[in-house]
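First the structure, in the form of structure tokens, and then the observations on it.
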Amino acid sequence: MASDEQLQDWRDRALQVEEEVGKAIIGQRDTIRLINVALFARGHVLLEGDVGVGKTTILRAFSRAIGGDFERVEGTVDLMPGDLIYHTYVDAEGKPRIEAGPLLRHGERLATFFFNEINRARPQVQSLLLRAMAERTVSAFNREYRFPHMIVFADRNRVEKEETFELASAARDRFMFELRMPTPVAPEIRRALVFDPDFHDVDQLIERVAPAILPWQQLNEIGAAIQRSIHASEVLERYVLDLWDASQAPERFGVRLDGVDMSKLILAGVSPRGMMSLTRAARVVAWLAGRTHITPADIHAVAPWTLGHRVFFTPVYELRRTQLATALIEQILEHVPTPR
Amino acid sequence: MSVRTGLALLALMALTDALAAQHSSPAIVEQPRAFGYVIGDVIMQRVLLTNSRGDFKPTAMPPVQRVNIWLERRASRIEKTSDGRHWLVVDYQLINAPPALTTVQLPAWAIVDQAHGERIEIPSAPISVAPLISHASSADQLRPDREPSIIDTAPARARLWLWSIALGVTLAAWLAWLQWRNWRDSHNQPFARALHHLRHIDETAPEAWQAVHRAFDQTAGRVLQTETLPTLFERAPHLQPQRAEIERFFAQSNERFFGAGSPGNLLSVRALCRELRRIERRHEQ
Chain V
1 MASDEQLQDW RDRALQVEEE VGKAIIGQRD TIRLINVALF ARGHVLLEGD VGVGKTTILR
61 AFSRAIGGDF ERVEGTVDLM PGDLIYHTYV DAEGKPRIEA GPLLRHGERL ATFFFNEINR
121 ARPQVQSLLL RAMAERTVSA FNREYRFPHM IVFADRNRVE KEETFELASA ARDRFMFELR
181 MPTPVAPEIR RALVFDPDFH DVDQLIERVA PAILPWQQLN EIGAAIQRSI HASEVLERYV
241 LDLWDASQAP ERFGVRLDGV DMSKLILAGV SPRGMMSLTR AARVVAWLAG RTHITPADIH
301 AVAPWTLGHR VFFTPVYELR RTQLATALIE QILEHVPTPR
Chain F
1001 MSVRTGLALL ALMALTDALA AQHSSPAIVE QPRAFGYVIG DVIMQRVLLT NSRGDFKPTA
1061 MPPVQRVNIW LERRASRIEK TSDGRHWLVV DYQLINAPPA LTTVQLPAWA IVDQAHGERI
1121 EIPSAPISVA PLISHASSAD QLRPDREPSI IDTAPARARL WLWSIALGVT LAAWLAWLQW
1181 RNWRDSHNQP FARALHHLRH IDETAPEAWQ AVHRAFDQTA GRVLQTETLP TLFERAPHLQ
1241 PQRAEIERFF AQSNERFFGA GSPGNLLSVR ALCRELRRIE RRHEQ
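Chain order of the listed sequences is V and F. Note that the working numbering has the first sequence beginning at 1, numbered continuously upward. Note that the working numbering has the second sequence beginning at 1001, numbered continuously upward.
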């Protein structure tokens, strides 16, 4: 079991990762923090945003800082599950060859798997990825491949809807966070992004990030140590359970949304896995803040990104999901009382 | 006639001349009535100043002074009557009460004319003075007080009752309003409600702290945490003077409910709540 000194040492490294990634990405401090939280909570991240806001860049920067092997797949409509598992070609001697695909290629050294534009991949591909995410194993060539250190980063752009496959509820539930990466609004950041040539060359930007800051093989161990060392009081447990109840019956806590019949809004509240993700992530937030206990503020820091995509609305409201989910979680956090 | 006789005649003639020069005439005096006086009465004596030679102008007015054991002379004045004559009016006040009916003398006095040296003699005058009460030997024999006349107080009593009832009703209504307002506040105003709740429980109990939390939540219109405290001061800027104490409350509450347990030097939530209620009352709409 990790000692307090080890945890402190890891905390310094975690903060260093943020600092290094911050050298390549500007104006996305919150996103960087949340991805870092997911990394130490051992959760997968789905990143959503407009085209060209830096989704890929931020994930590449993290991959470099984390260390370990990195693999990247582009989601396309013709991508098949087998394409992730194996790769066939004819070699120079004219013999057909089968080699491990991007998922298997690195074996247990795979630390970061980056699935670009996941919503362009067919549901069959998404299903394969779901198993890999949930179990960190894949069966192929009559045996089971394990990727115990793998974290999946996926992104999708929210502009294009043509030739895309919306992720199923179960798929979304596998992601600890569904982050929305905003376009920077601060004038000085916008100016730097547009006029500073340093930000025009992504490869050079990524080079700025110090590589392999973390001993990635120990991330699972340290993640577990963080979960064990950060305490959640009875009052906080009650609060989290209240939040869970509120995600299923928000009207019981006085939550109201304009133009919404609250009794008909929710089809299903947050899943148990969602609430687990919430507390796991909150523990990491507390740890990064140097505390040994979770506070409601830690919950609030991650709740919108862990709960928002896990509440399912009835069909009449599902079309307004983006707008309603954000408002609902915000209202729940404003109305569920604590301590009580 | 001898020389001695002649000299005596001359001296007599000279004395007669001198007496003629200092002519003294009897005064026309309106003396006061001679009876029926008691202590405190003012007695008026009037002396006519007009005679055949014209008006008599006294060299000096009779001085204000106590003239004897019974009387004090007060300021004198000259009055002119409708027939054109001048009178010197002298008031005396009876300043002593005799034990029995007694005759008292207004003293004799004189005034001298400025122009001719003529002198008017005012003779003394007797007046009888009586005691106010008979000088009995004991207080038992004092005459009883006169029976007061009975006046009809019924209308006044009725009015008194009416106004008393009106006052009572007003006071009762005011008290009822006060009670109702306190009751309403204790159910509606956040810190009034918390304070009401705190009356029945130990202020260090978790329920007491939670009650104050709910008051903050209600005031801010949302659940508050340390990080969202600015919302409270935006919504209720009048609580700003208590900001340090409020922040201390939230920090200690965090420690207590989510951290290592109750910190030392726990603040008094009752005192805090009372102070916040005082501010809240001042800013009630």
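Backbone N, C-alpha and C fix where the C-beta goes; we use that ideal spot for every residue, glycine too.
Extent of the continuous alpha helix (DSSP H) to which residue i belongs
i	result
Met181(V)	Careful: Met181(V) lies outside any alpha helix (DSSP H), inside the beta strand (DSSP E) at Phe175 to Met181.
Ile1165(F)	Ala1154 to Asn1188
Phe964(F)	This structure does not reach residue 964(F), given that chain F is present from 1001 up to 1285, and the question cannot be answered.
Beta-ladder partner(s) of residue i, from DSSP
i	result
Gly1054(F)	Asn1051(F)
Ser139(V)	Glu144(V)
Met1293(F)	Absent from the model: residue 1293(F). The displayed extent of chain F is 1001 to 1285, so no value can be given.
Thr1103(F)	Ser1128(F)
His44(V)	Phe175(V)
Lys1080(F)	His1086(F)
Ala268(V)	Phe312(V)
Val73(V)	Phe115(V)
Val1029(F)	Val1047(F)
Gln1286(F)	Here chain F covers residues 1001 to 1285 and nothing more, so residue 1286(F) does not appear.
Gly49(V)	Asn157(V) and Met181(V)
His231(V)	His293(V)
His239(V)	His is not the amino acid found at residue 239(V); the sequence shown has Tyr there. Note: Tyr239(V) sits in no beta bridge, so no partner.
Residue from the options with nearest C-alpha to residue i
i	options	result
Arg146(V)	Glu99(V), Ala132(V), Ser169(V) and Ile230(V)	Ala132(V)
Glu99(V)	Phe141(V), Val240(V) and Pro296(V)	Phe141(V)
Ile118(V)	His293(V), Arg228(V), Val17(V) and Leu47(V)	Leu47(V)
Pro1144(F)	Asp1152(F), Ile1133(F) and Ile1150(F)	Ile1133(F)
Ala331(V)	Pro296(V), Arg340(V) and Glu251(V)	One point to set straight first is that residue 331(V) is Gln, not Ala, in the sequence displayed. The option with the nearest alpha carbon to Gln331(V) is Glu251(V).
Leu193(V)	Leu219(V), Ala38(V) and Gly52(V)	Gly52(V)
Arg1046(F)	Ile1028(F), Thr1103(F) and Phe1250(F)	Ile1028(F)
Ala281(V)	Arg13(V), Arg136(V), Leu214(V) and Ala224(V)	Ala224(V)
Glu160(V)	Trp10(V), Ala171(V), Ser229(V) and Asp50(V)	Asp50(V)
Val341(V)	Phe253(V), Ser263(V) and Val285(V)	In the structure as shown, chain V starts at 1 and stops at 340, and residue 341(V) therefore has no counterpart that could be examined.
Ala1194(F)	Arg1274(F), Pro1230(F), Ala1158(F) and Pro1155(F)	Arg1274(F)
Gln204(V)	Ala14(V), Ile25(V) and Val90(V)	Ile25(V)
Asn365(V)	Ile151(V), Arg238(V), Pro272(V) and Leu265(V)	Any property of residue 365(V) remains undetermined from this structure, which presents chain V solely from 1 to 340.
Pro1241(F)	Pro1123(F), Val1269(F) and Glu1280(F)	Glu1280(F)
Ser63(V)	Val209(V), Ile226(V), Glu162(V) and Val235(V)	Val209(V)
Asn1051(F)	Phe1233(F), Ser1149(F), Ser1124(F) and His1086(F)	His1086(F)
Ala1251(F)	His1238(F), Arg1270(F), Leu1224(F) and Arg1235(F)	Leu1224(F)
Lys1080(F)	Ala1100(F), Asp1055(F) and Ile1095(F)	Asp1055(F)
Residue i to residue j span [Cα, whole Å]
i	j	result
Val1212(F)	Leu1272(F)	9 Å
Pro339(V)	Gln124(V)	45 Å
Gly1084(F)	Gly1036(F)	32 Å
Arg1277(F)	Gln8(V)	44 Å
Glu1118(F)	Ala1060(F)	13 Å
Thr1170(F)	Thr1204(F)	41 Å
Gly290(V)	Gln1210(F)	26 Å
Ala1021(F)	Gln1093(F)	Residue placement at Ala1021(F) is flagged as unreliable, the pLDDT there being 43, under the threshold of 50; the coordinate-derived value follows with that caveat. So the two alpha carbons sit approximately 36 Å from each other.
Thr1102(F)	Trp1161(F)	55 Å
Ala1156(F)	Ala1166(F)	15 Å
Glu93(V)	Tyr86(V)	20 Å
Phe113(V)	Val45(V)	11 Å
Thr137(V)	Glu144(V)	6 Å
Trp10(V)	Gly1261(F)	27 Å
Thr1226(F)	Pro296(V)	9 Å
Ala1208(F)	Arg1282(F)	23 Å
Gly67(V)	Leu110(V)	10 Å
Gly101(V)	Leu15(V)	34 Å
Arg262(V)	Ala249(V)	Here residue 262(V) is Met; the residue named in the question, Arg, does not match the sequence. Cα to Cα, Met262(V) sits roughly 8 Å from Ala249(V).
His1196(F)	Val255(V)	27 Å
Arg33(V)	Ile58(V)	11 Å
Arg351(V)	Gly82(V)	Chain V is shown from 1 up to 340; residue 351(V) falls before or after that span and cannot be answered.
Segment limits, beta strand (DSSP E) that includes residue i
i	result
Pro215(V)	Looking at the DSSP string, Pro215(V) is not in any beta strand (DSSP E), and its letter there is neither H nor E.
Pro96(V)	Pro96 to Ala100
Thr306(V)	From DSSP, Thr306(V) is part of no beta strand (DSSP E) but of the alpha helix (DSSP H) over Pro296 to Leu307.
Ala111(V)	Leu110 to Asn116
Thr88(V)	Tyr86 to Val90
Trp1109(F)	Trp1109 to Val1112
Arg156(V)	Ile151 to Asn157
Ile1122(F)	Arg1119 to Ile1122
Leu1267(F)	No beta strand (DSSP E) contains Leu1267(F), which DSSP labels as neither H nor E.
Residue i beta carbon near the ligand NAP (any heavy atom closer than 7 Å)
i	result
Ala1027(F)	For the ligand NAP, the structure offers nothing, since it holds no ligand at all.
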